[in-house]
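S.K.:
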Amino acid sequence: MIKMKPPSAILASGKENVLSTLSATKTILWKVFPFHAAAWEAAAEPIQQLLNTDDEDLKDERTELWRNAMQVQLNSIAVTSALVAAVASSAFTWPTITTPGVSWVVRAAWYSSLLLSLASICTATQQSIVLSRLATNPQGSVILRMMLGKSKHQGSNGQLEPRRLQLYIWQVPVSLLSGGVYFFLAGLTVMVWNLGQMVDLNWDQDDTKVVTVFMIVLGFVVFSYVLSTAGLYNRIRVVTREFHAQ
(Lines of atoms letter the chains of each structure in order from A; the text may use other names.)
(Lines give C-alpha, C1' and ligand atoms only; values in the text may rest on other atoms or scores of the structure.)
Protein backbone atom coordinates (compact mmCIF):
# COMPACT_ATOMS: atom_id res chain seq x y z
CA MET A 17 0.00 0.00 0.00
CA ILE A 18 1.36 3.36 -1.00
CA LYS A 19 1.72 5.74 1.92
CA MET A 20 0.56 9.25 1.08
CA LYS A 21 2.34 12.27 2.47
CA PRO A 22 0.26 14.69 4.55
CA PRO A 23 -0.67 17.99 2.82
CA SER A 24 1.61 19.97 5.15
CA ALA A 25 4.59 17.85 4.13
CA ILE A 26 3.75 18.27 0.45
CA LEU A 27 3.48 22.07 0.85
CA ALA A 28 6.75 22.19 2.80
CA SER A 29 8.50 20.13 0.13
CA GLY A 30 7.09 22.30 -2.65
CA LYS A 31 8.16 25.49 -0.86
CA GLU A 32 11.65 24.09 -0.39
CA ASN A 33 11.90 23.25 -4.10
CA VAL A 34 10.71 26.71 -5.09
CA LEU A 35 13.20 28.41 -2.78
CA SER A 36 15.98 26.17 -4.10
CA THR A 37 15.05 27.04 -7.69
CA LEU A 38 14.95 30.77 -6.90
CA SER A 39 18.33 30.57 -5.19
CA ALA A 40 19.87 28.78 -8.18
CA THR A 41 18.29 31.29 -10.57
CA LYS A 42 19.64 34.18 -8.52
CA THR A 43 23.14 32.68 -8.63
CA ILE A 44 22.96 32.31 -12.42
CA LEU A 45 21.71 35.87 -12.87
CA TRP A 46 24.52 37.20 -10.68
CA LYS A 47 27.05 35.51 -12.97
CA VAL A 48 25.37 36.44 -16.27
CA PHE A 49 24.35 40.01 -15.35
CA PRO A 50 26.78 41.07 -12.60
CA PHE A 51 26.33 44.83 -13.15
CA HIS A 52 22.53 44.65 -13.10
CA ALA A 53 22.67 42.44 -10.02
CA ALA A 54 24.95 44.93 -8.28
CA ALA A 55 22.53 47.76 -9.09
CA TRP A 56 19.67 45.64 -7.73
CA GLU A 57 21.57 45.08 -4.48
CA ALA A 58 22.38 48.80 -4.20
CA ALA A 59 18.66 49.55 -4.46
CA ALA A 60 17.72 46.90 -1.88
CA GLU A 61 20.28 47.86 0.77
CA PRO A 62 18.72 51.21 1.87
CA ILE A 63 15.29 49.58 2.11
CA GLN A 64 16.63 46.76 4.26
CA GLN A 65 18.38 49.27 6.52
CA LEU A 66 15.25 51.33 7.16
CA LEU A 67 13.17 48.19 7.74
CA ASN A 68 15.53 46.89 10.44
CA THR A 69 16.17 50.10 12.34
CA ASP A 70 15.17 49.65 16.00
CA ASP A 71 14.61 53.28 16.92
CA GLU A 72 11.17 54.38 15.68
CA ASP A 73 12.13 58.03 15.19
CA LEU A 74 15.23 57.06 13.24
CA LYS A 75 13.16 54.57 11.24
CA ASP A 76 10.70 57.32 10.26
CA GLU A 77 13.58 59.62 9.39
CA ARG A 78 15.20 57.03 7.13
CA THR A 79 11.86 56.25 5.51
CA GLU A 80 11.30 59.93 4.76
CA LEU A 81 14.85 60.23 3.40
CA TRP A 82 14.26 57.25 1.09
CA ARG A 83 10.94 58.69 -0.07
CA ASN A 84 12.47 62.09 -0.86
CA ALA A 85 15.44 60.55 -2.66
CA MET A 86 13.13 58.35 -4.70
CA GLN A 87 11.01 61.34 -5.71
CA VAL A 88 14.10 63.18 -6.92
CA GLN A 89 15.13 60.08 -8.87
CA LEU A 90 11.68 59.70 -10.43
CA ASN A 91 11.61 63.36 -11.47
CA SER A 92 15.02 63.00 -13.14
CA ILE A 93 13.86 59.83 -14.92
CA ALA A 94 10.69 61.53 -16.19
CA VAL A 95 12.63 64.50 -17.59
CA THR A 96 15.28 62.28 -19.20
CA SER A 97 12.63 59.97 -20.69
CA ALA A 98 10.87 62.97 -22.19
CA LEU A 99 14.12 64.03 -23.85
CA VAL A 100 14.71 60.53 -25.23
CA ALA A 101 11.13 60.41 -26.54
CA ALA A 102 11.62 63.79 -28.22
CA VAL A 103 14.83 62.60 -29.88
CA ALA A 104 13.18 59.37 -31.04
CA SER A 105 10.21 61.30 -32.45
CA SER A 106 12.39 63.78 -34.32
CA ALA A 107 14.50 60.94 -35.74
CA PHE A 108 11.58 59.87 -37.91
CA THR A 109 11.88 63.17 -39.81
CA TRP A 110 15.47 62.47 -40.85
CA PRO A 111 15.79 61.99 -44.63
CA THR A 112 17.94 58.89 -44.17
CA ILE A 113 15.10 56.97 -42.52
CA THR A 114 13.29 56.78 -45.87
CA THR A 115 16.40 55.98 -47.89
CA PRO A 116 15.99 52.74 -49.86
CA GLY A 117 18.17 50.06 -48.32
CA VAL A 118 17.74 51.18 -44.71
CA SER A 119 16.53 48.16 -42.75
CA TRP A 120 13.08 47.97 -41.18
CA VAL A 121 14.91 47.20 -37.94
CA VAL A 122 15.70 50.91 -37.60
CA ARG A 123 12.07 51.97 -37.54
CA ALA A 124 11.10 49.06 -35.29
CA ALA A 125 13.86 49.95 -32.81
CA TRP A 126 12.94 53.64 -32.77
CA TYR A 127 9.23 52.93 -32.33
CA SER A 128 10.16 50.66 -29.43
CA SER A 129 12.40 53.37 -27.99
CA LEU A 130 9.55 55.87 -28.16
CA LEU A 131 7.15 53.43 -26.51
CA LEU A 132 9.56 52.56 -23.70
CA SER A 133 10.33 56.23 -23.03
CA LEU A 134 6.64 57.13 -22.81
CA ALA A 135 6.01 54.15 -20.52
CA SER A 136 8.91 55.31 -18.33
CA ILE A 137 7.34 58.76 -18.02
CA CYS A 138 3.98 57.25 -17.07
CA THR A 139 5.35 54.88 -14.43
CA ALA A 140 7.69 57.51 -12.95
CA THR A 141 4.82 59.99 -12.68
CA GLN A 142 2.55 57.34 -11.17
CA GLN A 143 5.08 56.38 -8.52
CA SER A 144 5.89 60.01 -7.74
CA ILE A 145 2.18 60.69 -7.15
CA VAL A 146 1.95 57.68 -4.83
CA LEU A 147 4.89 58.95 -2.76
CA SER A 148 3.40 62.44 -2.62
CA ARG A 149 0.10 61.07 -1.33
CA LEU A 150 1.86 58.97 1.28
CA ALA A 151 3.79 62.06 2.39
CA THR A 152 0.51 63.78 3.31
CA ASN A 153 -0.76 60.75 5.24
CA PRO A 154 -0.03 60.82 9.00
CA GLN A 155 0.81 57.11 8.83
CA GLY A 156 2.52 57.40 5.47
CA SER A 157 5.92 56.21 6.71
CA VAL A 158 4.41 53.13 8.34
CA ILE A 159 2.35 52.32 5.25
CA LEU A 160 5.40 52.72 3.03
CA ARG A 161 7.45 50.33 5.17
CA MET A 162 4.63 47.79 5.13
CA MET A 163 4.58 48.07 1.33
CA LEU A 164 8.33 47.68 0.95
CA GLY A 165 9.09 44.99 3.53
CA LYS A 166 7.92 41.53 4.39
CA SER A 167 5.71 41.68 7.48
CA LYS A 168 5.87 38.02 8.56
CA HIS A 169 8.76 36.24 6.87
CA GLN A 170 12.30 37.09 7.77
CA GLY A 171 15.61 36.39 6.12
CA SER A 172 18.16 33.81 7.18
CA ASN A 173 19.91 36.42 9.34
CA GLY A 174 16.74 37.17 11.30
CA GLN A 175 16.18 40.56 9.66
CA LEU A 176 13.24 41.81 7.67
CA GLU A 177 13.86 41.73 3.94
CA PRO A 178 12.45 43.89 1.13
CA ARG A 179 9.70 42.41 -1.01
CA ARG A 180 11.16 41.32 -4.33
CA LEU A 181 8.08 42.53 -6.20
CA GLN A 182 8.44 45.99 -4.66
CA LEU A 183 12.13 46.09 -5.59
CA TYR A 184 11.16 45.32 -9.17
CA ILE A 185 8.32 47.85 -9.23
CA TRP A 186 10.47 50.74 -8.06
CA GLN A 187 13.13 49.88 -10.68
CA VAL A 188 10.63 49.81 -13.55
CA PRO A 189 10.93 53.51 -14.58
CA VAL A 190 14.72 53.51 -14.84
CA SER A 191 14.65 50.10 -16.58
CA LEU A 192 12.21 51.41 -19.18
CA LEU A 193 14.36 54.50 -19.66
CA SER A 194 17.46 52.38 -20.16
CA GLY A 195 15.59 50.20 -22.63
CA GLY A 196 14.49 53.27 -24.58
CA VAL A 197 18.08 54.49 -24.86
CA TYR A 198 19.36 51.03 -25.84
CA PHE A 199 16.77 50.62 -28.59
CA PHE A 200 17.42 54.08 -30.01
CA LEU A 201 21.18 53.48 -30.13
CA ALA A 202 20.61 50.05 -31.68
CA GLY A 203 18.45 51.57 -34.42
CA LEU A 204 20.96 54.35 -35.00
CA THR A 205 23.80 51.84 -35.31
CA VAL A 206 21.87 49.72 -37.83
CA MET A 207 20.98 52.80 -39.88
CA VAL A 208 24.57 54.04 -40.07
CA TRP A 209 25.79 50.55 -40.94
CA ASN A 210 23.17 50.27 -43.70
CA LEU A 211 24.39 53.55 -45.20
CA GLY A 212 27.91 52.14 -45.30
CA GLN A 213 26.74 48.91 -46.93
CA MET A 214 25.02 50.89 -49.72
CA VAL A 215 28.43 52.02 -50.92
CA ASP A 216 30.01 48.60 -50.20
CA LEU A 217 32.13 50.23 -47.47
CA ASN A 218 34.24 51.86 -50.16
CA TRP A 219 36.72 54.19 -48.46
CA ASP A 220 36.40 56.68 -51.30
CA GLN A 221 32.78 57.28 -50.28
CA ASP A 222 31.95 59.69 -47.45
CA ASP A 223 29.41 57.28 -45.95
CA THR A 224 32.16 54.75 -45.30
CA LYS A 225 34.16 57.35 -43.39
CA VAL A 226 31.05 58.25 -41.40
CA VAL A 227 30.55 54.58 -40.48
CA THR A 228 34.17 54.26 -39.39
CA VAL A 229 34.10 57.32 -37.14
CA PHE A 230 30.70 56.33 -35.74
CA MET A 231 31.86 52.81 -34.84
CA ILE A 232 34.95 54.16 -33.10
CA VAL A 233 32.88 56.59 -31.04
CA LEU A 234 30.29 53.87 -30.33
CA GLY A 235 33.02 51.58 -29.02
CA PHE A 236 34.28 54.35 -26.74
CA VAL A 237 30.74 55.05 -25.50
CA VAL A 238 30.05 51.39 -24.72
CA PHE A 239 33.40 51.02 -22.94
CA SER A 240 32.80 54.17 -20.88
CA TYR A 241 29.27 53.09 -19.96
CA VAL A 242 30.33 49.62 -18.85
CA LEU A 243 33.28 51.05 -16.92
CA SER A 244 31.03 53.60 -15.21
CA THR A 245 28.47 50.96 -14.27
CA ALA A 246 31.11 48.59 -12.94
CA GLY A 247 32.95 51.32 -11.08
CA LEU A 248 29.81 52.59 -9.36
CA TYR A 249 27.46 49.74 -8.57
CA ASN A 250 30.01 46.96 -8.22
CA ARG A 251 32.09 49.13 -5.91
CA ILE A 252 29.02 49.96 -3.83
CA ARG A 253 28.38 46.25 -3.52
CA VAL A 254 31.93 45.50 -2.40
CA VAL A 255 32.08 48.36 0.12
CA THR A 256 28.66 47.47 1.55
CA ARG A 257 29.71 43.87 2.13
CA GLU A 258 32.98 44.99 3.72
CA PHE A 259 31.04 47.32 6.02
CA HIS A 260 28.67 44.55 7.16
CA ALA A 261 31.60 42.18 7.69
CA GLN A 262 33.17 44.50 10.27
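In the working numbering, the protein residues as written are 17 to 262.
Heads up, the beta-carbon is just placed ideally off N, CA and C, and yes, glycines get one too.
Does the pairing of the region 148-158 with the region 219-228 give three or more beta-carbon distances under 8 Å?
M.R.: no
S.K.: Need the endpoints of the beta strand (DSSP E) that Leu176 sits in, please.
M.R.: Leu176 to Pro178
S.K.: Short of 8 Å in beta carbon distance, which residues of its chain neighbour Pro178, apart from the five on each side in sequence? Order them along the chain.
M.R.: Ala60, Ile63, Gln64, Leu67, Leu164, Gly165 and Lys166
S.K.: Pull up the CB-CB distance for Ile193 and Ser244, whole angstroms please, since I reckon it's below 8 Å.
M.R.: It is worth fixing the name first, because residue 193 is Leu in this sequence and not Ile. With a beta-carbon spacing of about 16 Å, Leu193 and Ser244 fall beyond the 8 Å limit used to define contacts.
S.K.: Bridge partners for Gly165 per DSSP, in chain order?
M.R.: Pro178
S.K.: To the nearest angstrom, report how far apart Val237 and Ile93 are at their CA atoms.
M.R.: 20 Å
S.K.: Count the CB pairs spanning the region 202-209 and the region 79-94 that are closer than 8 Å, and state whether there are at least three.
M.R.: no
S.K.: In terms of residue numbering, what span does the alpha helix (DSSP H) encompassing Ala140 cover?
M.R.: Trp120 to Ala151
S.K.: Taking the alpha-carbon positions, what's the Lys122 to Ser129 distance?
M.R.: Note that residue 122 corresponds to Val in the displayed sequence, not to Lys. Their Cα atoms are separated by approximately 10 Å.
S.K.: In this structure, how does DSSP classify Leu211 when only helix, strand and coil are distinguished?
M.R.: helix
S.K.: Could you check the C-alpha separation between Ser144 and Leu81 for me, to the nearest Å?
M.R.: 14 Å
S.K.: Tell me which residues share the same chain as Tyr241 and place their Cβ nearer than 6 Å to its Cβ, disregarding the 5 neighbours each side in the sequence.
M.R.: Within the same chain, Tyr241 has no close Cβ partners at all.
S.K.: When you compare the CB positions of Ser119 and Asn210, do they come within less than 7 Å of one another, or not?
M.R.: Contact: yes.
S.K.: Just the Cα atoms here: how many angstroms apart are Val275 and Lys75?
M.R.: Nothing about residue 275 can be read from this structure; the chain reaches only from 17 to 262.
S.K.: Below 7 Å CB to CB, which residues in the same chain sit around Arg78 once its five sequence neighbours on both sides are set aside?
M.R.: Gln65, Leu66 and Thr69
S.K.: Exposed or buried, which one is Phe2 when buried takes at least 16 other CB atoms within 10 Å?
M.R.: Residue numbering for the chain in the displayed model covers 17 to 262; residue 2 lies beyond these limits and cannot be assessed.
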